[in-house]
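Residue numbers (the UniProt record's numbering): 1 to 466. Ideal placement from N, C-alpha and C gives every residue a C-beta, glycine not left out. Here the structure is laid out as structure tokens; the discussion comes afterwards.
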């Protein structure tokens, strides 16, 4: 039962072939066995979960066949869950209890899903590895000496290890997609506004962050997203996405799709040769399956790499937490403190320049999508690295900054585009998972999931050996 798909689980619960309570208790045993070495889940509510599971069994007895009936899901530690401690990985929120559910949590519960726990994240979800002063580091189930990345590393580790089939995350610059790539699961950042998020903590990244989804299959991500999508008048970015995403993901035929294959996303960024080879093999399989693949890069404006846009995050963190940082710097992760300090020194003109740069980047990506349906590139230029480091020191022999591993994901947040990481194989030397990133124009989520399903069908899925 532990690696069963969400769709199959819901069907089994609805037909009373399995009990949601038995499923939940089995999950608790799995968490008790595996979580101590992974530190993926940082809060459980066993009695609350059993109550929700019993309610799912009662719904099944009444003949209700909800799309996620009895399916457990985890929630990242920066998304509100009513009555639960939600801390953003920060000592500032050590005693905070969420007064209500985030819209995404409420919608999953309405679809029959069962809350399974809170997953670890970096402080304020603003760091590329998953560690914080409250809970410590999360480990990668493929190798516990390695990081699952961040900031949604707890969610990724939990899904890969079979601690839950579904995970709610956030993605403000790749925080869902990169960890998914590092543990070999599917991570989706939907188009901005598809999943409304008007209830919860203030967002430091100026509207870039969206509610992300993780699962072990494209079909489960699509099923989850169908339950989450829909407008909310309280969210100014909220949009209507027509059609069934699950139906789109059930059609893994890429024939006729015009695909731009970008080796480095038009950036001067090194890529590990084994990662590049794995991605290229996946792209060739898509071409063999009928996709129309051409090499093409977005032509970004000067300075559009992550460094040119980071002032938005720095300034946002400073606006939210600058005064507290000045008063009690010891309460903050030093790496987050450096970002806040940079934000306190960021001028309004620098923020305005970054906002203008974001608009130019949006137009550059739109120009590419005038010629292609979708774009594919590596999710990350490197596989997972030791958990006690911010990032690899070098990639393909070139020195990189601590964010050198994160270069291929943030621009899609700045451009409001959907993007998804799909496992595309393992490296030959280390046997570690590699992710292929698929991106498309805003609201092309269904077409994107169709191609993601094609990648999955041609590349397969390999779980970690636990």
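Which residues does DSSP list as the beta-bridge partners of residue i?
i, result
"residue 421", "187 and 437"
"residue 294", "260"
"residue 236", "In DSSP, residue 236 forms no bridge with anything."
"residue 328", "The partner list for residue 328 (beta bridge, DSSP) is empty, contrary to what the question assumes."
"residue 74", "117 and 167"
"residue 143", "140"
"residue 399", "394"
"residue 212", "169"
"residue 97", "85"
"residue 79", "According to DSSP, residue 79 bridges with nothing at all."
Quick check on residue i: does DSSP put it in helix, strand or coil?
i, result
"residue 120", "coil"
"residue 310", "helix"
"residue 87", "coil"
"residue 132", "coil"
"residue 115", "strand"
"residue 17", "coil"
"residue 340", "helix"
"residue 414", "helix"
"residue 351", "helix"
"residue 378", "strand"
"residue 182", "helix"
"residue 199", "coil"
Nearest by alpha-carbon distance to residue i: which of the options is it?
i, options, result
"residue 63", "326, 420 and 10", "10"
"residue 296", "330, 424, 264 and 312", "264"
"residue 547", "329, 428, 437 and 369", "The question about residue 547 has no answer, for the chain in this structure spans 1 to 466."
"residue 94", "113, 124, 357 and 114", "124"
"residue 169", "77, 256 and 103", "77"
"residue 402", "129, 225 and 447", "129"
"residue 38", "448, 280, 229 and 143", "143"
"residue 180", "204, 149 and 205", "149"
"residue 365", "231, 266, 453 and 153", "266"
"residue 80", "74, 100, 324 and 21", "100"
"residue 237", "61, 243 and 211", "211"
"residue 165", "406, 6 and 445", "6"
"residue 192", "441, 459, 464 and 83", "441"
"residue 163", "41, 322, 270 and 357", "41"
"residue 206", "354, 392 and 52", "354"
"residue 467", "357, 255, 351 and 322", "Because the chain in this structure spans residues 1 to 466, residue 467 falls outside the shown range and cannot be described."
When you compare the CB positions of residue i and residue j, do they come within less than 8 Å of one another, or not?
i, j, result
"residue 141", "residue 151", "no"
"residue 120", "residue 333", "no"
"residue 276", "residue 378", "yes"
"residue 115", "residue 45", "yes"
"residue 279", "residue 415", "no"
"residue 374", "residue 451", "yes"
"residue 241", "residue 443", "yes"
"residue 376", "residue 292", "no"
"residue 289", "residue 454", "yes"
"residue 260", "residue 197", "no"
"residue 201", "residue 339", "no"
When the Cβ atoms of the region 294-314 are set against those of the region 385-397, are three or more pairs found closer than 8 Å? They do not touch, by the three-pair rule.
Are there three or more Cβ pairs, one per stretch, closer than 8 Å when the region 282-300 is compared with the region 242-249? Contact fails: fewer than three Cβ-Cβ distances are below 8 Å.
Is the region 109-129 touching the region 345-363, taking contact as three or more C-beta pairs under 8 Å? No, they do not touch.
With a threshold of 8 Å, are at least 3 pairs of Cβ atoms found where one atom belongs to the region 175-186 and the other to the region 431-446? These segments touch.
Validate contact between the region 218-232 and the region 53-71 using beta carbons, cut 8 Å, 3 pairs: When Cβ pairs closer than 8 Å are counted between the two stretches, the region 218-232 is seen to touch the region 53-71, the count reaching three or more.
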